[in-house]
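S.K.: Structure in structure tokens, see below.
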Amino acid sequence: MTVLVLLEHDRGELAEAARQALNAARPLAEELGVPVHGVLVGEDAAPLAQTAADFGAEVVHVATHELLSDYGPDAWAETTRQLGDALDADVVLSVGSDRGNEVMAHLAARSGLPFVANCSRIAPNLGPWSITRIQWGGSLLEDVTLAAPRKIVTIAHHAAAATPVHPDCRAVDLRLERFEPELDESVAVTMIRGRDGQRRGSTLSTAPVVIGGGRGVGSADGFSVLEELAELLQGRVGCSRAATNNGWRPHSDQVGQTGTRISPDVYIAAGISGAIQHWVGAMAAKKIVAINTDPDANMVAKADYAVIADLHEVLPAISEEIRRRRDA
Amino acid sequence: MALRILCCVKRVPSPGSRINLTDDGTAVDATHLGFTTSPHEECAVEEAVVLAEHEGGTVTVLTLGPPESVEQLRYAASVGADELVLVATDGAPWDPQRTAAALAEAIKRLETDQETFDLILFGNESADSGGFQVGVRVANALQRPMVNGIKRIELNFDGDGPGSVSARRAVDDGFEVYELPLPAILGVKEGINLPRYPTMRGRLASKKLEISSWEGEAAPGGQALVRLRRPVEQTSTTTILGNSAAAAPAVVDLLEELGVFDR
Ligand SMILES: Cc1cc2nc3c(=O)[nH]c(=O)nc-3n(C[C@H](O)[C@H](O)[C@H](O)COP(=O)(O)OP(=O)(O)OC[C@H]3O[C@@H](n4cnc5c(N)ncnc54)[C@H](O)[C@@H]3O)c2cc1C
Chain U
1 MTVLVLLEHD RGELAEAARQ ALNAARPLAE ELGVPVHGVL VGEDAAPLAQ
51 TAADFGAEVV HVATHELLSD YGPDAWAETT RQLGDALDAD VVLSVGSDRG
101 NEVMAHLAAR SGLPFVANCS RIAPNLGPWS ITRIQWGGSL LEDVTLAAPR
151 KIVTIAHHAA AATPVHPDCR AVDLRLERFE PELDESVAVT MIRGRDGQRR
201 GSTLSTAPVV IGGGRGVGSA DGFSVLEELA ELLQGRVGCS RAATNNGWRP
251 HSDQVGQTGT RISPDVYIAA GISGAIQHWV GAMAAKKIVA INTDPDANMV
301 AKADYAVIAD LHEVLPAISE EIRRRRDA
Chain R
1 MALRILCCVK RVPSPGSRIN LTDDGTAVDA THLGFTTSPH EECAVEEAVV
51 LAEHEGGTVT VLTLGPPESV EQLRYAASVG ADELVLVATD GAPWDPQRTA
101 AALAEAIKRL ETDQETFDLI LFGNESADSG GFQVGVRVAN ALQRPMVNGI
151 KRIELNFDGD GPGSVSARRA VDDGFEVYEL PLPAILGVKE GINLPRYPTM
201 RGRLASKKLE ISSWEGEAAP GGQALVRLRR PVEQTSTTTI LGNSAAAAPA
251 VVDLLEELGV FDR
């Protein structure tokens, strides 16, 4: 009887999601009166066991097998399935990241069990559990019941903050156990075969300043006034799906439910109406300034500050004012 | 041998600035809303059409949903899909296990009449319920490999035809590369391509295309909807900084105050 947490890592580097998952698992395990166990898949992750213990894993299982050389959804799911069986886990949990949701889906399919993705609240009961999960990327909540002998869930990204149990000292007794799953070649089919491409500079998701443009920008060339301001503030240009669909900006600039979630200190949203699918990607910004000709636009209503005017006049004026002050 | 590709798509409402719910809270109130294809799946259809155009082949689009979902099937045909299939429901939302079971059955049925699909594409997750699992469950039921989150697809040919697929998933520092033998299943993400708009000719042709259809049948799974709720919104008051370019100094004052001016 345990809450088993899949500890996400990439080639031995612990993901923030793993810490969040442990944080979410602790109160749940307490409520159930069972311990939190963590599983690290692959020998290369063994050095992460101490951190997992610091964040609340009472037992850390390191799963080793010659086939577990890198990430693969089938290999990770089958390993987790076998460990869950061995421990008779009540809950198998991870965070709703790309990998977290993928592995849990494979685990559930392999186990013939339901899987509830992106939960924001989990209330164990004697019968079916009551769970709240997010829909529409967070614009809507769904209350569900979950009936299953083993509960397979992911926690909505950022629903749980990552704080260690023992902020100053390390967890005293790290209990590390080896687990050797029985795997055959079939699980290796979906393993990562290689990696390519490179890291781009400051990515949109972590940029401290984002200047976003929507349909109101009017054309690809129209974005030059956004580029100019972004450069002055060392920020990045973002956009709405209307701008992407018109071919004005690459999809990598898109903010929103099916784009990137941003969390800058300041988001300047110019010519963007503020549809919910855009808003869920922008709402983590500390301050939002809307520039829109329509005083009734949703973006204006939701922003902290707004300028009700044509962005093609306002943005160049802001850039000009910044240069003037810097030169002074 | 001609390539056979299947895309599974979902009809979803297209809300703007606010989602309204029905009185009993079990569905999105769509009275004043249009409907659309989930964006990841719109890209899946585009990708399938491009692959079929390049390599020679056909694209089948399958949806499970209310009878009105023919609107999304016709749209897919207007941008190049060749065959349309509707597995009809009563309109109530189906849980992920039930949806996947009915889709897997439908695919088996389509594959007994014709050959196996070389490639099946799903969206990474549906735009509304976002369960992140239907494609994976279908793959499991059909015993085919599946990876999700795909932003690039390349078919590799051996002597007799397409033998495997290289699929790339975008991560922070580039791409992870997967190589799956065909037949395979992929979940794609918006951004893999820029979907085309239908032409007038495409629209006209799509109206004439026959749609195969039958009632979906599958047992409910272990996750059951109780109700939908809107999250509590923080009400904010918006400070209007001005109504013209003359607001620029006020905006820059603000940027200074927020500590992003000195960079
Ligand atoms: C399932 C789904 C997922 C989606 N995912 C995303 C997503 O990830 N990201 C996203 O952005 N959208 C997404 N959308 C689309 C979303 O619903 C909206 O259609 C889109 O965000 C609208 O973009 P927009 O605000 O630029 O355009 P519009 O809604 O057309 O708004 C344009 C705004 O510009 C203003 N304007 C016009 N001219 C000027 C000017 N000269 N100066 C100042 N203001 C001006 C107008 O007043 C208006 O407010 C999704 C939709 C669906 C159905």
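In order, the protein sequences belong to chains U and R.
Just so it is clear: in the first sequence, position 226 is 226 by my numbering, and no numbers are missing.
Just so it is clear: in the second sequence, position 28 is 28 by my numbering, and no numbers are missing.
Using N, Cα and C, we set each Cβ at its ideal position, and we do this for glycine too.
1) Beta carbon of residue 311 of chain U: closer than 6 Å to some heavy atom of ligand 1?
2) Quick check: the Cα distance between residue 222 of chain R and residue 92 of chain U, rounded to an integer number of angstroms?
3) So, residue 213 of chain U versus residue 255 of chain U, is the Cβ gap smaller than 7 Å?
4) Please report how far the alpha carbon of residue 160 of chain R lies from the alpha carbon of residue 69 of chain U, in whole angstroms.
5) In angstroms with no decimal places, state the Cα-to-Cα distance between residue 94 of chain R and residue 3 of chain R.
6) Given a limit of 7 Å on CB to CB distance, which residues of the region 223-241 of chain U reach chain R?
7) Contact criterion: CB-CB distance below 7 Å. Does residue 45 of chain U meet it with respect to chain R?
8) Going along the chain, which residues of the region 106-119 of chain U sit with their C-beta nearer than 8 Å to a C-beta in chain R?
9) Cutting at 6 Å between CB atoms, please list the residues of its own chain near residue 117 of chain U, excluding the five before and the five after it.
10) Consult DSSP for residue 200 of chain R and reduce its assignment to one of helix, strand or coil.
11) Taking the beta carbon of residue 106 of chain U as the centre, do at least 16 other beta carbons fall within 10 Å, making it buried, or is it exposed?
12) Please give me, in chain order, every unbroken run of the alpha helix (DSSP H) with length at least 4 that falls completely inside the region 208-262 of chain R.
13) Would you please verify whether the beta carbon of residue 143 of chain U is less than 7 Å from any beta carbon of chain R?
14) Nearest to residue 35 of chain R by alpha carbon, out of R:103, R:195, R:23, R:65?
15) Confirm, please, whether the CB-CB distance from residue 25 of chain U to residue 3 of chain U is below 7 Å.
16) Tell me which residue opens and which closes the alpha helix (DSSP H) that residue 319 of chain U is part of.
17) Give the DSSP-derived three-state secondary structure of residue 160 of chain R in the structure shown.
18) So which residues of chain R does residue 321 of chain U contact, with C-beta pairs closer than 7 Å?
19) Counting only the same chain and skipping the five closest in sequence on each side, list residues whose C-beta sits under 8 Å from that of residue 21 of chain U.
20) Flag residue 215 of chain U as yes when its Cβ comes closer than 6 Å to any non-hydrogen atom of ligand 1, and as no otherwise.
21) Tell me whether residue 257 of chain U counts as near ligand 3, meaning its Cβ is closer than 6 Å to at least one heavy atom of that ligand.
22) Measure from the alpha carbon of residue 105 of chain R to the alpha carbon of each residue in R:218, R:228, R:24, then state which is nearest.
23) Using a Cβ cut-off of 9 Å, which residues of the region 64-83 of chain R contact any Cβ in chain U, in chain order?
24) At a threshold of 6 Å, does residue 19 of chain U count as lining ligand 1 (C-beta to nearest heavy atom)?
25) Once DSSP output is grouped into helix, strand and coil, what is the label at residue 257 of chain U?
26) Taking a contact to mean a Cβ-Cβ separation below 7 Å, would you say residue 46 of chain R touches residue 193 of chain R in this structure?
27) Helix, strand or coil, according to DSSP, for residue 277 of chain U in the structure here?
28) Consult DSSP for residue 75 of chain R and reduce its assignment to one of helix, strand or coil.
29) Using a 10 Å radius around the Cβ and a threshold of 16 neighbouring Cβ atoms, would you call residue 45 of chain U buried or exposed?
30) Evaluate residue 52 of chain R with the Cβ neighbour count: other Cβ atoms within 10 Å of its Cβ, from every protein chain shown; 16 or more gives buried, anything less gives exposed.
31) State the DSSP-derived secondary structure class of residue 62 of chain U, mapped to helix, strand or coil.
32) To the nearest angstrom, how far is the alpha carbon of residue 14 of chain U from that of residue 205 of chain U?
33) Under 6 Å Cβ to Cβ from residue 119 of chain U, same chain only, skipping five residues before and after it: list those, please.
M.R.: From the atom records:
1) For this step, residue 311 of chain U is matched to residue 311 along the first sequence. Yes - ligand 1 has a heavy atom lying nearer than 6 Å to the Cβ of residue 311 of chain U.
2) Translated into positions along the second sequence, residue 222 of chain R becomes position 222. Translated into positions along the first sequence, residue 92 of chain U becomes position 92. Each residue's alpha carbon lies about 15 Å from the other.
3) One-based indexing of the first sequence puts residue 213 of chain U at position 213. One-based indexing of the first sequence puts residue 255 of chain U at position 255. Result no, Cβ atoms of residue 213 of chain U and residue 255 of chain U do not sit closer than 7 Å.
4) Translated into positions along the second sequence, residue 160 of chain R becomes position 160. Translated into positions along the first sequence, residue 69 of chain U becomes position 69. For residue 160 of chain R and residue 69 of chain U, the distance between alpha carbons rounds to 32 Å.
5) What you label residue 94 of chain R is simply residue 94 of the second sequence in a count that begins at 1. What you label residue 3 of chain R is simply residue 3 of the second sequence in a count that begins at 1. Roughly 31 Å between the two C-alpha positions.
6) 233, 234
7) Position 45 of the first sequence holds residue 45 of chain U. No, residue 45 of chain U lies away from the interface with chain R (no Cβ there is under 7 Å from its Cβ).
8) 106, 108, 109, 110, 113, 114, 115, 116, 117, 118
9) In the first sequence, residue 117 of chain U corresponds to position 117, counting from 1. Cβ within range, chain order: 96, 101, 154.
10) Stepping through the second sequence from its first residue, residue 200 of chain R is reached at position 200. In this structure, residue 200 of chain R counts as helix in the three-state DSSP scheme.
11) Counted from its first residue, the first sequence places residue 106 of chain U at position 106. Looking at its Cβ environment, which holds 16 or more other Cβ atoms inside 10 Å, residue 106 of chain U is buried.
12) 248-257
13) As a first step, residue 143 of chain U is located in the first sequence; it is residue number 143 there, counting from the start. Yes, because at least one Cβ of chain R sits closer than 7 Å to the Cβ of residue 143 of chain U.
14) As a working mapping, residue 35 of chain R is identified with position 35 in the second sequence. For residue 35 of chain R, the nearest C-alpha among the options comes from R:65.
15) Numbered from 1 along the first sequence, position 3 holds the residue referred to as residue 3 of chain U. Numbered from 1 along the first sequence, position 25 holds the residue referred to as residue 25 of chain U. The answer is yes: Cβ separation under 7 Å.
16) Walking along the first sequence from the start, residue 319 of chain U turns up at place 319. From DSSP, the alpha helix (DSSP H) with residue 319 of chain U extends over 311-327.
17) If you number the second sequence from 1, residue 160 of chain R lands on position 160. In the structure shown, residue 160 of chain R sits in coil (DSSP, three-state: anything other than H, G, I, E or B).
18) On the first sequence, residue 321 of chain U is found 321 positions in, with the first residue counted as 1. 248, 249, 252, listed in chain order.
19) Numbered from 1 along the first sequence, position 21 holds the residue referred to as residue 21 of chain U. Closer than 8 Å at the Cβ level, and outside the excluded window around residue 21 of chain U, lie 5, 6, 7, 8, 93, 94, 95, 100, 155, 160.
20) Against the first sequence, residue 215 of chain U aligns to sequence position 215. Yes.
21) The ligand content of the structure shown is limited to ligand 1, which means ligand 3 is not among them.
22) Sequence index remark: in the second sequence, residue 105 of chain R carries index 105 (1-based). Nearest of R:218, R:228, R:24 to residue 105 of chain R, Cα basis: R:218.
23) none
24) Residue 19 of chain U sits at position 19 when you count from the first residue of the first sequence. Result no, Cβ not under 6 Å from ligand 1.
25) Start at 1 with the first residue of the first sequence, and residue 257 of chain U comes out as number 257. Residue 257 of chain U: coil per DSSP, three-state reduction.
26) Mapped onto the second sequence, residue 46 of chain R falls at position 46. Mapped onto the second sequence, residue 193 of chain R falls at position 193. The answer is yes: Cβ separation under 7 Å.
27) Taking the first residue of the first sequence as 1, we reach residue 277 of chain U at position 277. Three-state DSSP puts residue 277 of chain U in a helix.
28) Position 75 of the second sequence, counting from 1, holds the residue named residue 75 of chain R. If DSSP states are grouped into helix, strand and coil, residue 75 of chain R belongs with the helices.
29) As a working note, residue 45 of chain U is residue 45 in the first sequence. Residue 45 of chain U is buried by the Cβ-count criterion.
30) In the second sequence, counting from the first residue as 1, residue 52 of chain R sits at position 52. With 16 or more Cβ atoms within 10 Å of its Cβ, residue 52 of chain R is classed as buried.
31) Indexing the first sequence from 1 puts residue 62 of chain U at position 62. Residue 62 of chain U falls in the strand class under three-state DSSP.
32) Along the first sequence, one-based indexing puts residue 14 of chain U at 14. Along the first sequence, one-based indexing puts residue 205 of chain U at 205. Roughly 19 Å separates the two Cα atoms.
33) For the purposes of this step, residue 119 of chain U is taken as the residue at position 119 of the first sequence. Taken in chain order, the residues that qualify are 131, 133, 153, 155.
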